[in-house]
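Okay, structure first, notes after.
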Amino acid sequence: MLSDNKFNPKILVLATEACAYPGADAVGKAHLEYGANVYVFRVPSPVLFPEDFYLRCYAKGIDGILIAACGSDCPYRGAYDRLAAHIDSLTTRMKAGGLEIQRIRLTAICTVCIKAYLKEVGQLDEQLRALGPVNQSVAGQLQHLARARMRDQSQMSAA
Amino acid sequence: MESMKQETVQDSAIPHTPRVGVYICRCGGNISDVVDTDHVAEICRLIPGVAVSKVHTFMCSDPGQQTISDDIRQEKLDRVVVASCSPFLHELTFRGAVMRSKMNPYLYEHVNIREQCSWAHKHDPRGATAKAIQLISAAVGKLSHSTPLEKIRLPNHRRAMVVGGGPAGMKVAADLAACGIPVVLVERSDRLGGKLPILNRLFPNGQAATELAAKLESQVLSNPKIEVLLKSEVTTVSGFIGNFEVAIHGDFGPSGHATDIHTTVGVIVMATGFKPYVPTDGEFNFKRHPAVVTTVDFNALLSKQKGDARTFQFDGRCIRSIAFIHCVGSRQVDGVHTPAVDGRINTYCSRVCCTTVLNQALQVRQRFPDTRVYDLHQDIRTYGRGHEEYYTDASRAGVVFYRYHGQEPPEVTNTNGPTSPLRISVKDYLSWGEELEIEADMVVLAVGMTPGPCETLVDQLKLPRGEDRFLQEIHPKLRPVEISVNGVLLAGTSQAPMNIQETLAAAGAAAVKARAMFTTEEVELNPYVAEVDAHLCEGSGACLTQCEYDGALAMVEILQDGHTVRKAHVNAGLCVGCGACVAVCPTQAINVSGWRIDQYDAMVDGLVRDLTPTTI
Ligand SMILES: Cc1cc2nc3c(=O)[nH]c(=O)nc-3n(C[C@H](O)[C@H](O)[C@H](O)COP(=O)(O)OP(=O)(O)OC[C@H]3O[C@@H](n4cnc5c(N)ncnc54)[C@H](O)[C@@H]3O)c2cc1C
Chain S
151 MLSDNKFNPK ILVLATEACA YPGADAVGKA HLEYGANVYV FRVPSPVLFP
201 EDFYLRCYAK GIDGILIAAC GSDCPYRGAY DRLAAHIDSL TTRMKAGGLE
251 IQRIRLTAIC TVCIKAYLKE VGQLDEQLRA LGPVNQSVAG QLQHLARARM
301 RDQSQMSAA
Chain Z
544 MESMKQETVQ DSAIPHTPRV GVYICRCGGN ISDVVDTDHV AEICRLIPGV
594 AVSKVHTFMC SDPGQQTISD DIRQEKLDRV VVASCSPFLH ELTFRGAVMR
644 SKMNPYLYEH VNIREQCSWA HKHDPRGATA KAIQLISAAV GKLSHSTPLE
694 KIRLPNHRRA MVVGGGPAGM KVAADLAACG IPVVLVERSD RLGGKLPILN
744 RLFPNGQAAT ELAAKLESQV LSNPKIEVLL KSEVTTVSGF IGNFEVAIHG
794 DFGPSGHATD IHTTVGVIVM ATGFKPYVPT DGEFNFKRHP AVVTTVDFNA
844 LLSKQKGDAR TFQFDGRCIR SIAFIHCVGS RQVDGVHTPA VDGRINTYCS
894 RVCCTTVLNQ ALQVRQRFPD TRVYDLHQDI RTYGRGHEEY YTDASRAGVV
944 FYRYHGQEPP EVTNTNGPTS PLRISVKDYL SWGEELEIEA DMVVLAVGMT
994 PGPCETLVDQ LKLPRGEDRF LQEIHPKLRP VEISVNGVLL AGTSQAPMNI
1044 QETLAAAGAA AVKARAMFTT EEVELNPYVA EVDAHLCEGS GACLTQCEYD
1094 GALAMVEILQ DGHTVRKAHV NAGLCVGCGA CVAVCPTQAI NVSGWRIDQY
1144 DAMVDGLVRD LTPTTI
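Taken in order, these protein sequences are the chains called S and Z. Residues in the first sequence are numbered from 151 upward in steps of one, following the working numbering. Residues in the second sequence are numbered from 544 upward in steps of one, following the working numbering.
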């Protein structure tokens, strides 16, 4: 059991309804175990999250996020590529802003990808334990910047 | 650390103080053996907005559901959370339960504390209990931002499209039309019947394939409700249950010219059948020696035999011996068999080949007593009613059996040119592993089944395939002819290797399921589509650049305070709710109903909320 003062990262898994969420269910059905610090949210497609959402998660104390998507099995046209582009841009900004990019991971998990799921959450957990807690105030600043940037961009293109 | 969290970000504003009922399921110990459910219930009472928090042994049971109904009435609940198994099992059950108590079903949230908690953290009961609490807290957070939603209602087009005119497709079309449902039957070849015309005497009753084909065909052709399109294929398909838009290309124009038809159907039945496995060049000497043929070829050869010769004839020669080899292209072994171009091997059993071989072997022995028959198998799987008799009869008729192991398939060599016999070496386990050599004038390869050609529909409708590449049903027992795309059904060997009996049984089931989908005038869809907050929308048009679905999103001009302004507008019937538009909106004006960003923010707040009793 964990001692009380040992850092236990909070991991959020954003799992697609069509693939990764049933994939995570399959792990439990097989009675395979992973840390209870891993929380899964169901999403139609993670393409819907704006960049600042992720940063807000960090600002609130989520230490790491695993985006478990459908990959090439994505039921929505073009969504996976757009998602990958969002995450690309997010990691660039995290890097520039001083937030460790190991805190975000994008992967494809299918409905029976038990091993892949365990590997991904296991590796993320390990990395986060090495990194320590997320710097919430840095993340908070970055999320405000990201939101402001989106506003500016749209005003510029409107002008 | 906690205080720092509070400083950095505040909880997202709660627009409404709800009265939430939280119900925690023990699942007869499946959950409560690991998660301390009583403790969870106690702590959940501390979550802002929670009015009731209870534990039940089986929430999905009638008494469990009744508890919810009673509390909605007596405790004036307006939101409900059930923490139990995966939402895929019982989300709809509990939505139904709250609906019966006149609560909007979208004010219900399901929390998974079995598959993703008790089962996955068996050795960490403390961790699992804490996790269950935070997940429930997240769901309560989401509900405080939820608004009642209404299902989307769209017309249900009372017409079915059946793809494939084999036994399965013909049966579905005939059964559906018999219930008065108009059917368009799309067949890519120039005739109906699928594989029937290439079959001969069918197991298990010896009926002529042509006779069965004629019966099914007349049921189809005599019903004016069925429109048969030959030499045609579906080129594009989109939409959803009740409203599939399809384009069919084929030679059905007035003078046989290639034409395109556009039509709307409510249901699609996939009866695209199978392709017989084609042995690779040189596999058992296939294509290298003319007397190495497949069971498909052999059916044709059997039908062509003339006169009353006592010996089987091939290429003007007397065939004194035939060796059948089972499992060609089925039950392949990694490392032994060469993978196909896609890198796969067929590890599955094709199920019909064993009885096919015995059926053919028996016909040879009965009609051509001077032709010897050898049967080389891994196992004999005559699994259907009336099939085992073929084995007994073949043994009695003098068929000689050899048994090989999958890792050591027999080898076929050419002795001396195209008219000379073939030599087969086999390690025979019926004689305790003896290495034997057999000479045969002809070798028949019992080829298995591979999925029929249905890529266009698979790609465009996103139909799932199994590990074996056949179309995959939702559940092998509970929902055997349905596929995860609502409104699409499976019939026959498009789904898995089946004999005709099983094919027609599956087709009958698919027809009934299809018929049931037309019981309502309208189809109801979950309201999970994009919604625009007109107050927030500034008409940037950023959303439009992301939308992949024609017509789902448009900019419209509306009058606001005496000015004409541009706003985004969603066509709910065409939006699929992917949310690509949401991520780019500069003012967060567009969201997917039921999966709003502010709901997710509230879930994260709930997840990190400190619920240790002392700090509250
Ligand atoms: C050698 C051999 C012997 C057999 N003997 C027996 C037997 O004795 N008894 C028995 O019960 N079973 C037997 N079977 C099995 C039997 O053939 C199948 O059960 C049966 O044919 C399955 O019917 P189906 O309609 O699912 O598929 P199919 O017969 O394959 O028909 C599919 C139809 O769909 C069409 N199609 C495919 N894709 C498309 C598309 N994209 N668009 C439009 N049309 C399309 C095809 O042209 C075809 O007409 C045998 C099989 C083999 C290989």
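Even for Gly, the Cβ is constructed at its ideal location relative to N, Cα and C.
8 angstroms Cβ cut-off: residues of chain Z touching residue i
| i | result |
| --- | --- |
| phenylalanine 203/S | Ile1140, Tyr1143, Asp1144 |
| glycine 221/S | The contacting residues do not exist; glycine 221/S stays about 13 angstroms from chain Z at best. |
| aspartate 175/S | Ser629, Phe631, Asn655, Glu658, Gln659 |
| histidine 236/S | Ala1126 |
Residue i: contacting residues in chain S (beta-carbon distance under 9 angstroms)
| i | result |
| --- | --- |
| tyrosine 891/Z | In chain order: nothing, as chain S lies at least about 16 angstroms away. |
| histidine 666/Z | Glu183 |
| tyrosine 1071/Z | Pro194 |
Contacting residues, own chain, Cβ-Cβ under 6 angstroms from residue i (five flanking each side not counted)
| i | result |
| --- | --- |
| isoleucine 1043/Z | Pro710 |
| tyrosine 972/Z | Arg946 |
| cysteine 499/Z | Here chain Z has residues from 544 to 1159 only, and residue 499/Z is not among them. |
| threonine 1158/Z | Residue placement at threonine 1158/Z cannot be trusted, given a pLDDT of 47 that sits under 50; what the coordinates show is reported in the next sentence. Counting only Cβ-Cβ distances below 6 angstroms, and skipping sequence neighbours, we find nothing. |
Chain-order list of residues whose beta-carbon lies under 7 angstroms from that of residue i (same chain, five-residue window excluded)
| i | result |
| --- | --- |
| valine 188/S | Ile161, Val163, Val271 |
| lysine 521/Z | Past the boundaries of the shown model lies residue 521/Z; chain Z is included only from 544 to 1159, so the question cannot be answered. |
| isoleucine 1175/Z | Residue 1175/Z lies beyond the stretch modelled for chain Z, which goes from 544 to 1159, so this question has no answer here. |
| histidine 700/Z | Gly785, Asn786, Thr807, Val808, Gly809 |
| aspartate 824/Z | Lys830 |
| glutamine 549/Z | The predicted position of glutamine 549/Z is uncertain, since its pLDDT is 36 and thus under 50; a value taken from the coordinates is nonetheless stated next. Around glutamine 549/Z: no qualifying Cβ. |
| glycine 248/S | Val288 |
| arginine 696/Z | Glu1065, Glu1067 |
Spatial neighbours of residue i in its chain, beta-carbon cut-off 8 angstroms, leaving aside the 5 residues before and after
| i | result |
| --- | --- |
| proline 630/Z | His653, Asn655 |
| glutamine 303/S | none |
| leucine 1096/Z | Ala1073, Cys1086, Leu1087, Cys1090, Ala1111, His1112, Val1113, Asn1114, Cys1118, Cys1124 |
| glutamine 921/Z | His869, Cys870, Arg874, Arg946, Tyr947, His948, Gly949 |
| glycine 639/Z | Pro648 |
| valine 1001/Z | Arg1008, Leu1014 |
| threonine 753/Z | Leu739, Pro740 |
Closer than 7 angstroms at the beta carbon, the chain Z residues around residue i
| i | result |
| --- | --- |
| serine 195/S | Cys1121, Gly1122 |
| serine 304/S | Ser1083, Ala1085, Pro1129 |
| proline 301/S | Per the sequence shown, residue 301/S should be read as arginine rather than proline. The answer, in chain order, is Pro1129. |
| cysteine 207/S | Val1147 |
Interface residues of chain Z facing residue i [CB-CB closer than 9 angstroms]
| i | result |
| --- | --- |
| valine 190/S | Asn655, Gln659, Leu678 |
| phenylalanine 199/S | Gly1122, Val1125, Ala1126, Ile1140, Tyr1143 |
Contact under 9 angstroms by Cβ, residue i with residue j
| i | j | result |
| --- | --- | --- |
| glycine 282/S | glutamine 252/S | no |
| proline 1070/Z | glutamate 634/Z | no |
| alanine 671/Z | leucine 182/S | no |
| glycine 707/Z | glycine 816/Z | yes |
| proline 747/Z | tyrosine 934/Z | no |
| valine 595/Z | serine 575/Z | no |
| glutamate 982/Z | proline 964/Z | yes |
| glutamate 658/Z | valine 727/Z | no |
| phenylalanine 783/Z | leucine 1068/Z | yes |
| valine 500/Z | valine 955/Z | Summary: the structure shown does not reach residue 500/Z, with chain Z confined to residues 544 through 1159, and so no result is reported for it. |
| isoleucine 679/Z | lysine 645/Z | no |
| alanine 1049/Z | methionine 1041/Z | yes |
| proline 194/S | isoleucine 217/S | no |
| tryptophan 1138/Z | glycine 1122/Z | yes |
Residue i beta carbon near ligand 2 (any heavy atom closer than 8 angstroms)
| i | result |
| --- | --- |
| valine 1119/Z | No copy of ligand 2 appears in this structure; the ligands present are ligand 1. |
Where residue i meets chain S, residues with beta-carbon distance less than 7 angstroms
| i | result |
| --- | --- |
| glutamate 1091/Z | Arg227, Gly228 |
Chain S residues whose Cβ lies nearer than 8 angstroms to that of residue i
| i | result |
| --- | --- |
| tyrosine 926/Z | Here the premise fails: no neighbours, minimum Cβ distance about 26 angstroms. |
| alanine 1115/Z | Correct list: empty, because the minimum Cβ distance to chain S is about 15 angstroms. |
message = Could you check whether the segment 991–999 of chain Z touches the segment 1031–1041 of chain Z, counting it as contact only if at least three pairs of C-beta atoms, one from each stretch, sit closer than 8 angstroms?
response = yes
key: Inside the segment 1113–1144 of chain Z only - beta strand (DSSP E) runs reaching at least 3 residues   = 1133–1135
request  = List in chain order: all unbroken beta strand (DSSP E) runs of 3+ residues lying wholly within the segment 1004–1059 of chain Z.
outcome  = Listed in chain order, the complete beta strand (DSSP E) runs (minimum 3 residues) inside the segment 1004–1059 of chain Z are 1031–1033.
key: Ordered list of alpha helix (DSSP H) runs contained in the segment 906–987 of chain Z, each at least 4 residues   = 931–939, all fully within the segment 906–987 of chain Z.
query = Three or more beta-carbon pairs under 8 angstroms between the segment 1137–1157 of chain Z and the segment 1087–1095 of chain Z, yes or no?
reply = no
inquiry  = When you compare the segment 889–902 of chain Z with the segment 857–871 of chain Z, are there three or more beta-carbon pairs, one atom per stretch, that lie closer than 8 angstroms?
reply    = Because the criterion of three Cβ pairs below 8 angstroms is met, the segment 889–902 of chain Z and the segment 857–871 of chain Z touch.
query = Touch check for the segment 596–613 of chain Z and the segment 625–640 of chain Z: three-plus C-beta pairs under 8 angstroms?
reply = Taking 8 angstroms as the limit for Cβ pairs, the verdict is that the segment 625–640 of chain Z does touch the segment 596–613 of chain Z.
query = Which whole runs of the alpha helix (DSSP H) in the segment 169–217 of chain S are 4 residues long or more, in chain order?
reply = Segments of the alpha helix (DSSP H) lying fully in the segment 169–217 of chain S: 170–179, 201–209.
query = Is the segment 1098–1107 of chain Z touching the segment 717–737 of chain Z in the sense that three or more CB pairs, one from each, lie closer than 8 angstroms?
reply = no
query = Counting pairs of beta carbons, one from the segment 770–783 of chain Z and one from the segment 733–743 of chain Z, are three or more of them closer than 8 angstroms?
reply = Contact holds: three or more Cβ-Cβ distances are below 8 angstroms.
request  = Could I get the ranges of all uninterrupted beta strand (DSSP E) runs contained in the segment 602–662 of chain Z, with 3 residues as the minimum, in chain order?
outcome  = DSSP runs (the beta strand (DSSP E)) wholly in the segment 602–662 of chain Z: 622–627, 651–655.
message = Just to confirm the assignment: which complete beta strand (DSSP E) runs, minimum length 3, are found wholly within the segment 769–851 of chain Z?
response = 769–772, 775–783, 786–793, 802–808, 810–813, 817–819, 835–837
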